[in-house]
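A short write-up of the structure that comes next.
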Amino acid sequence: MDRYAVIYNPHSGQNNGESVGQKIEQALIKNHHEVKLMPTEGPQDATHLAKKAARADFDVVVAVGGDGTINEVVSGLAALDQPPYLGIVPAGTVNNLARVLQIPLDIDQAIENLQQVHMRPLDVGQVNDDYLISTMTLGILADAALNVTQSEKQKWGLFAFLSKGIHALAKHQHYPLTIETPNRHWQKDTQFLLVTLTNSVGGFTNFNPEAKPDDGYFHVFVAPKMSLARSVMFLPYFLTGNFKKIPGMTYFKANEITITTDNQERVQTRIDGDPSAKSPLKMQLLERKLQVITPAPAI
105 MDRYAVIYNP HSGQNNGESV GQKIEQALIK NHHEVKLMPT EGPQDATHLA
155 KKAARADFDV VVAVGGDGTI NEVVSGLAAL DQPPYLGIVP AGTVNNLARV
205 LQIPLDIDQA IENLQQVHMR PLDVGQVNDD YLISTMTLGI LADAALNVTQ
255 SEKQKWGLFA FLSKGIHALA KHQHYPLTIE TPNRHWQKDT QFLLVTLTNS
305 VGGFTNFNPE AKPDDGYFHV FVAPKMSLAR SVMFLPYFLT GNFKKIPGMT
355 YFKANEITIT TDNQERVQTR IDGDPSAKSP LKMQLLERKL QVITPAPAI
């Protein structure tokens, strides 16, 4: 692995993306690697830069930033037959995927990790024409996240999403959905639907201990209607990894899913923290699509 393309969002996390990119460049050059810095300038720019890096035969494409930036980089690589390796330097607010893969959240340690030879396979979800690396929400969770500003994310982190979510629950909004998989038909009103590829949601890494980033499944949670008081009462389930044990919660696994809204309304989803595809949704699991540089497991 000699040639690294480093894609970074200058405004990620605490607006330190530029300095992190330069630090990565210095460390890799010091160890005789070829490096090209590729800063993003706007939405979806990281996807185009990742495709450009792959066409230029870089060995590793490094995503510097939060889950949204990583998602954009993956979106540029997932359609390729033989994509480059993926490197991650977490510089976002929540850093879901980095936590799951045990990539150090310390910048210097994450840069050191880039030069390791250990790889881990990563499943990627395709949702219509978009891609998913960690989490997709539909319903009040997505609606609440749309109201979280960048400054609130930087100041409060995952608690900003939690606060907005509680306020959204109080509105009692619900969504009539039909969900089809090769083995299941589900039709009911729900307050929110959550699909995850990992055991971390919103930075809570005990969310679903059963889920692994390379297990070949979407993990799907469909919530019953809940009052605000009942939602707060169930918060410990969320924090301790027992989310699917909430009374009335529907949980299942699948590698193909179709989701439609029964009232024909096109409902907005949020994928890996950013607004994304609207219903109807056709989801397909791309098993072990990418290889990610991660720390070697302890012996």
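Per this note's numbering, the very first residue in the sequence shown carries number 105; after that it's consecutive. Yeah, the Cβ is synthetic: ideal placement off N, Cα and C, and Gly gets one too. The model shown is predicted, which means the values in this text are computed figures rather than measured ones.
Assuming residue i and residue j form a contact by the criterion Cβ under 8 Å, report the distance between their Cβ atoms to the nearest whole angstrom.
i	j	result
Phe296	Thr241	6 Å
Leu201	Asp171	6 Å
Ile397	Gln220	6 Å
Ala158	Pro188	6 Å
Leu298	Thr239	7 Å
Asn232	Leu385	6 Å
Tyr279	Val371	6 Å
Just tell me which of the options has its CA closest to the CA of residue i.
i	options	result
Gln395	Leu132, Val124 and Val178	Val178
Arg107	Gly121, Ile133, Ser123 and Asn120	Ile133
Ala381	Asn135, Pro317 and Thr373	Thr373
Leu141	Gln130, Asn135, Val204 and Gln148	Gln130
Gln230	Asp163, Ala182 and Ile244	Ala182
Pro313	Asp161, Val124 and Lys349	Lys349
Gly320	Met387, Asp378 and Leu298	Met387
Glu391	Asp378, Leu190, Asp227 and Arg203	Asp227
His289	Lys316, Phe356 and Ala327	Phe356
Gln57	Lys292, Val124, Asp161 and Val165	Missing from the structure shown is residue 57; the chain here goes from 105 to 403 and no further.
Ala327	Thr309, Gln277, Lys316 and Asp376	Gln277
Gln368	Pro379, Thr354 and Ser383	Ser383
Gly87	Thr354, Asp378 and Thr294	Residue 87 lies beyond the stretch modelled for the chain, which goes from 105 to 403, so this question has no answer here.
His115	His136, Lys329 and Thr173	Thr173
Pro401	Gly169, Glu138, Asn217 and Asn310	Asn217
Thr197	His137, Gly169 and Gln291	Gly169
Thr354	Gln291, Thr309, Lys393 and Asn310	Gln291
Lys393	Val139, Ile111, His137 and Gly180	Gly180
Output yes or no for whether 8 Å exceeds the beta carbon distance between residue i and residue j.
i	j	result
Lys127	Ile192	no
Phe347	Phe322	no
Pro225	Asp149	no
Ala195	Gly121	yes
Pro399	Ile207	yes
Thr144	Asn113	yes
Asn199	Leu209	yes
Val164	Met105	yes
Ile237	Asp376	yes
Lys329	Asp293	yes
Going by DSSP in three states, residue i sits in which element: helix, strand or coil?
i	result
His136	coil
Ala214	helix
His323	strand
Leu385	strand
Phe162	coil
Lys127	helix
Glu391	strand
Glu176	helix
Val228	strand
Lys348	helix
Val371	coil
Gly121	helix
Val221	coil
Segment contact flag, the segment 347-363 with the segment 137-157, C-beta cutoff 8 Å, min 3 pairs
The segment 137-157 and the segment 347-363 do not touch, with fewer than three beta-carbon pairs separated by less than 8 Å.
If you pair each beta-carbon of the segment 301-316 with each one of the segment 284-291, do three or more pairs fall below 8 Å?
no
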